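Working notes, beginning with the structure itself.
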Amino acid sequence: MRKSGDRIARTSAARGVFFGVSVKRDAYRAEDLLAAMQRRRPACVGTSIVHRRFACLVQPGLHTDCCETERTFCFGSLQLTHGRALRADLGLPKDCADIEAVAACYQIHGVESVTRLKGDFALVIWDESRECLTMMRDRLGLKQLYLAETDDFLAFSGQPDPLFALPGVSFAFDEGYLAEYLALLLPPADVTFYRDIRRLAPATHLVLKGGHTAHRQYWQADLTPLRLAHRADYHAAFREQLGRAVAERLDGCRPTAVFLSGGLDSTALAATAVAQSPNRVLGLCCEPPATFDYRDGPGWEAEERRYVAALQRQVPALDVTFETVADLHPFAGLDAHFETTELPPHAPNNRPWIDRLLAKAAGAGAGTVMVGQLGNLAMSWDGAGYLGDLVRRGQLRALWREFRARRVSGAAWLKSELVWPLLPHRARQMLRLVKHGRAFSPLNFAAIDPDLARRVDLDARYHQRMNLTQRDGGRHDMAWYWEGVQCYAANLSTVWTAQARQHGLAFCDPCADVDLVTFCLRIPLSLHQQRGRKRLLVREALAQQLPAEVVQRRTRGRQAPHTLSYCRTILPELEAACRRYAALPATHGIIDWPRVSAALPQLHAPSAGFGEALFVLRALTAAAFLDWHHRRATAGLPCDSVLQHV
């Protein structure tokens, strides 16, 4: 392959990095643009390729790799599943690297090779003979591929930071994305916090040739109902899918760490990992301090150690470590978190203990950390929409059985699971207005300034994102639900992958395996919920592998349940932080400071609960992020002062 300049020697690195640029016309030289990007990553030393219209740099490590053939250069972040079958189809050796299999597949099938890839990947292929750049992202968007496109060039990176070195790419943020992110609306998987930077959409490939870009969605989820002969057949198929998803994501050389919470998802992953892994499996669990004040709604449980202990008794090979979270300050290490994720934390109460457990996993020699975050939306889904489905189908006898099974819940069951979902959205809003004096708004979740909410029309965004009108009458729109799963997976992996990389770890979520997710969404709703029992699929399919305490559990666990107690002990610090951030111009018009100031004293009230503490922490950590973003944006020189036009 034609290169300009010397090729830097390839080195192995703990933190895989890749970035590059392809110029559309002769306003800039690709080599100069790459040099500008590398100045933001001076420690990045790896494989570099420089061509007349294309330049890139790849630092291998943590599922980031590259492969050069006679006419192509293929690189990116990838963790393929079904890799053995792909290599067999291509006639490649069994020990062939995943990136080499991708390059060979592209040589035969071209752009359509992406349809043959399964797993998590964000790939870039430069075809020198055709001067064509191809980019691909996996079906759920679990690997990140950031883009900055102007009339002169298309730049890409596995992280946003190198892109800011380029002309026309500013630090200006997207107000709509910020408002949606803070209001927990899960912005679309192809946008970012920054106005000039986007992500390649999941299940999409991009081709740049002759100065023109073309996007195409290469895959759509098959959500047609799956009908098997017997209930046991669904359970056997689920166990097979789960076992494969876990086995393909285990670390082949080092221990695998599993985040344990005592719930169905994490315990299922841990038990399956022990059965599949030839190496040690570490179970990492955070525990609250011995004494703390906990107040939450019904159905939540603060103490989960007994469930983890029961799993350890049933699976003795699981190496469980409990980590106390009493001394984890919510502001500790915030700047490092921002540098890594470039986002404010969605759950600031969880960030410190996640960081502590990641450090514990790295210290124990683990190479991969496994979580089950997507499980609640797929394999342990509660079957939302089941009762409405019975009404629409006219299955009144089954509905009567549900009523008898849940009669102890009385009016609460009728309202929350049957009557309320069947009401039109406008009727629900009117009832809220009568009962609470105000209709529901996403502003309830975060302290967003009302002026910002009006500027971006946050209520309309919420209405569109939740598909409220189309879902009137209790109708469960599976295509809408799939879109939510995709957005959740793509946004969640953005944070988890970055935090794990900070500790030299690879992140994976077997619950986000595409084949497993689509299987769980295609089976009848009655396999998820029936006769008052929810999350049936995991309970029934893994009844022999999981402890009875876990299988029969009806409550959900609250991570870091001591948050309210701890916030009360550091209330003077929180009040000082509120005054300091409220005085910063960078937070004006974004954070509703009068509301935050009024909420702080209420943390000492007997009626205060977990939600009140989380509201305050979300506001203050978001303000800290805005401060960090402003300091970073004003620290660097404008790009045009560094780069010269050709």
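Everything in the sequence shown is counted per our numbering, starting at 2 for the first residue and increasing by one.
All C-beta atoms in this analysis are idealised placements derived from N, C-alpha and C, irrespective of residue type, glycine included.
Predicted model, so just to flag it, every value in this text is computed and none were measured.
In terms of Cβ geometry, Ala-271 and Leu-319 form a close pair [threshold 7 Å]. Secondary structure note for Asp-336: it is in no beta strand (DSSP E), and the uninterrupted alpha helix (DSSP H) holding it is 335-342. Cβ-Cβ distances below 7 Å link Leu-575 to Cys-568, Leu-601, Val-617, Leu-621 in the same chain, with the five nearest sequence neighbours on each side left out; the list follows chain order.
Leaving aside the five residues that flank Asn-468 on each side, the residues in its chain whose CB is nearer than 7 Å to its CB run, in chain order, Asp-478, Trp-481.
Exclusion of the five residues before and after Ala-360 leaves His-504 as the residues of its chain whose Cβ lies within less than 8 Å of its Cβ. Phe-157 is not a Cβ neighbour of Trp-629, given a cutoff of 7 Å. The continuous alpha helix (DSSP H) containing His-630 extends over residues 611-636. Exposure of Trp-421 is indicated by the presence of fewer than 16 other C-beta atoms within 10 angstroms of its C-beta. Secondary structure of Val-372 (DSSP, three-state): coil. Under the three-state reduction of DSSP, Asp-234 is assigned to helix. In the DSSP assignment, no residue is bridged to Ile-109. By alpha-carbon distance to Trp-301, the top candidate from Leu-517, Ala-44, Pro-562 is Pro-562.
When the five nearest sequence neighbours on each side are left out, the beta carbons in the same chain lying within less than 6 Å of the beta carbon of Trp-382 are those of His-529, in order along the chain.
With a contact defined as Cβ atoms closer than 8 Å, Gln-108 and Thr-70 qualify at about 7 Å. Trp-301 carries a strand assignment under DSSP once its states are collapsed to helix, strand and coil. Taken through DSSP and simplified to helix, strand or coil, Asp-593 comes out as coil. Counting C-beta pairs closer than 8 Å gives fewer than three between the segment 517-524 and the segment 383-398, which falls short of the contact rule. When DSSP states are grouped into helix, strand and coil, Arg-534 belongs to the strand group. In the DSSP assignment, Phe-76 forms a beta bridge with Cys-67, Val-125. Between Gly-211 and Arg-26 the beta-carbon gap is near 10 Å, outside 8 Å, which marks them as no contact.
Counting other Cβ atoms within 10 Å of its Cβ, His-64 reaches 16 or more and is therefore classed as buried. Within the segment 186-258, the runs of beta strand (DSSP E) at least 3 residues long that lie entirely inside it are, in chain order, 205-210, 213-218. The C-beta distance from Val-321 to Cys-286 rounds to 6 Å, short enough to meet the 8 Å contact threshold. In this structure, the beta-carbon distance from Ala-166 to Arg-41 falls below 7 Å. Judged by DSSP secondary structure, Thr-48 falls outside any alpha helix (DSSP H) and instead within the beta strand (DSSP E) spanning 48-51. Across the structure, Ala-549 and Ala-636 are spaced so that their CA atoms are roughly 57 Å apart.
In this model, Tyr-147 and Val-22 are separated by some 12 Å (Cα to Cα). Secondary structure of Ser-278 (DSSP, three-state): coil. The C-beta distance from Gly-368 to Leu-506 rounds to 7 Å, short enough to fall under 8 Å. The C-beta of Glu-101 has 16 or more other C-beta atoms within 10 Å across all chains shown, which makes the residue buried. Secondary-structure assignment with DSSP links Gly-485 through no beta bridge to anything. With contacts defined by Cβ atoms closer than 7 Å, Gly-142 and Pro-189 do not form a contacting pair.
Beta bridge pairing from DSSP links Ile-449 with Ile-592.
The beta-bridge partner set that DSSP reports for Thr-322 consists of Leu-285. The straight-line gap separating the alpha-carbon atoms of Cys-512 and Glu-324 is approximately 24 Å.
Look at the beta carbons and you see the segment 224-239 not touching the segment 251-260: under three pairs across the two are nearer than 8 Å.
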